[in-house]
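Engineer: Numbering (UniProt numbering), first residue to last: 1 to 173. Note that the Cβ used here is the ideal one computed from N, Cα and C, for glycine as well.
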Ligand code: FES
Ligand code: FES
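#1: Where does the unbroken alpha helix (DSSP H) through residue 123 begin, and where does it stop?
#2: State buried or exposed for residue 24, treating a residue as buried only when at least 16 other CB atoms are found within 10 Å of its CB.
#3: With DSSP as the reference, label residue 104 as helix, strand or coil.
#4: What did DSSP end up calling residue 166 once you bin it into helix, strand or coil?
#5: In this structure, how does DSSP classify residue 147 when only helix, strand and coil are distinguished?
#6: Quick one, what's near ligand 2 if you take every residue whose CB is closer than 6 Å to any heavy atom, in chain order?
#7: Verify the contact flag: residue 38, CB atom, against every heavy atom of ligand 1, threshold strictly below 8 Å.
#8: Hey, residue 105 and residue 147: beta-carbon distance below 9 Å or not?
#9: Which value, in whole angstroms, describes the spacing of the CA atoms of residue 73 and residue 120?
#10: Put residue 159 into one of helix, strand or coil per three-state DSSP.
#11: Tell me whether residue 110, by its Cβ, gets closer than 8 Å to a heavy atom of ligand 1.
#12: Verify the contact flag: residue 64, CB atom, against every heavy atom of ligand 1, threshold strictly below 8 Å.
#13: Could you tell me whether any non-hydrogen atom of ligand 4 is closer than 8 Å to the CB of residue 140?
#14: How about residue 62 and residue 115: are their beta carbons less than 9 Å apart?
#15: Look at the Cβ atom of residue 60, then the Cβ atom of residue 108, and state whether they are nearer than 9 Å.
#16: How many angstroms separate the CA atom of residue 111 from the CA atom of residue 158?
#17: What is the DSSP secondary structure of residue 1, reduced to helix, strand or coil?
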């Protein structure tokens, strides 16, 4: 057994004892009942299980949870799909996903949403030139697999959110 304490969507959990072989995905879904984080390939290949990890320097990135031991998240601050909307209000990115019909079964959506949110926050800190935007979005969402093949609509949704607020996300916007 290992001790685990972490912050999820702004709320402290633990310290608690968890089995060494418990994955982070099972911890979220089975222990905490947070089933928004999905389990797809189970091999760190599709990123449907990815959550946001917030670092002390103010940057964030996503990490898959399907094969990562829950104990490896000890001391971390993370966000999951359940942490995006506030007081029932969807974020602009969530609204854009809906408006673009970006998902079909929705299984990959938590991973795409987390990655898109990380990208928006990164661009708010470090805007890119309009000419580099398509590649920036493609690079950010690369690695997220959608079995329903909704890639284009996800890209369009993220792009629309960025272009709707160019002063925030684009260099010289
Ligand atoms: S389920 Fe974790 S990467 Fe596919
Ligand atoms: S919407 Fe079904 S896997 Fe992406």
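Structural biologist: In this structure, then:
#1: 109-125
#2: buried
#3: coil
#4: helix
#5: coil
#6: 103, 104, 105, 106, 107, 108, 146, 147, 148 and 150
#7: yes
#8: yes
#9: 24 Å
#10: helix
#11: no
#12: yes
#13: Although ligand 4 was asked about, the structure shown includes only ligand 1 and ligand 2 as ligands.
#14: yes
#15: no
#16: 13 Å
#17: coil
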